[in-house]
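Colleague:
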Amino acid sequence: MTFAEKINPTTQSYSTQEIAEGLKMPAEMINKLKRIGLITPELLSDDHYSFKTVKFIEQYWSANAAKMLNVKP
């Protein structure tokens, strides 16, 4: 079961730290996605993301982790 499957879609938002721990990815990668404009935080917080955004982060991370970490396969 993936992190996005475990979380509740009715929850308002998830913090960068919660997402990073759940997806086992560096929090800096989430911040990088935000800096380049792929994701947008919730309106009232610069550090919280919606369920839909968490699902996108999970899919993007699983497809691009090596590239984002600059690791050669």
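Residue numbers for the sequence shown follow the numbering used here, beginning at 2 and rising by one. For each residue, glycine too, the CB sits at the ideal point set by N, CA and C. Quick caveat, the model's predicted, so the values are computed rather than measured.
1. Could you give the residue range of the alpha helix (DSSP H) that holds T54?
2. Looking at C-alpha atoms only, which residue of G38, F4, N32 and F52 is the closest neighbour of T17?
3. Taking C-beta to C-beta, are L24 and F4 nearer than 9 Å?
4. Please go through the same chain and pick out, in chain order, the residues whose beta-carbon is closer than 8 Å to the beta-carbon of A21, but skip the five residues on each side of it.
5. First and last residue of the alpha helix (DSSP H) that includes L44?
Modeller: By the coordinates alone:
1. For this step, residue 54 is matched to residue 53 along the sequence shown. It spans F52 to M69 - the alpha helix (DSSP H) in which T54 sits, taken as one unbroken run.
2. Mapped onto the sequence shown, residue 17 falls at position 16. Nearest C-alpha to T17: N32.
3. Within the sequence shown, numbered from 1, the residue matching residue 24 stands at position 23. Within the sequence shown, numbered from 1, the residue matching residue 4 stands at position 3. Yes; because the gap between Cβ atoms is below 9 Å, this pair is in contact.
4. Position 20 of the sequence shown, counted from the start, is the residue given in the question as residue 21. The residues are P27, A28, M30 and I31.
5. Within the sequence shown, the letter at position 43 stands for residue 44. Segment: none, L44 is in no alpha helix (DSSP H) and carries neither H nor E.
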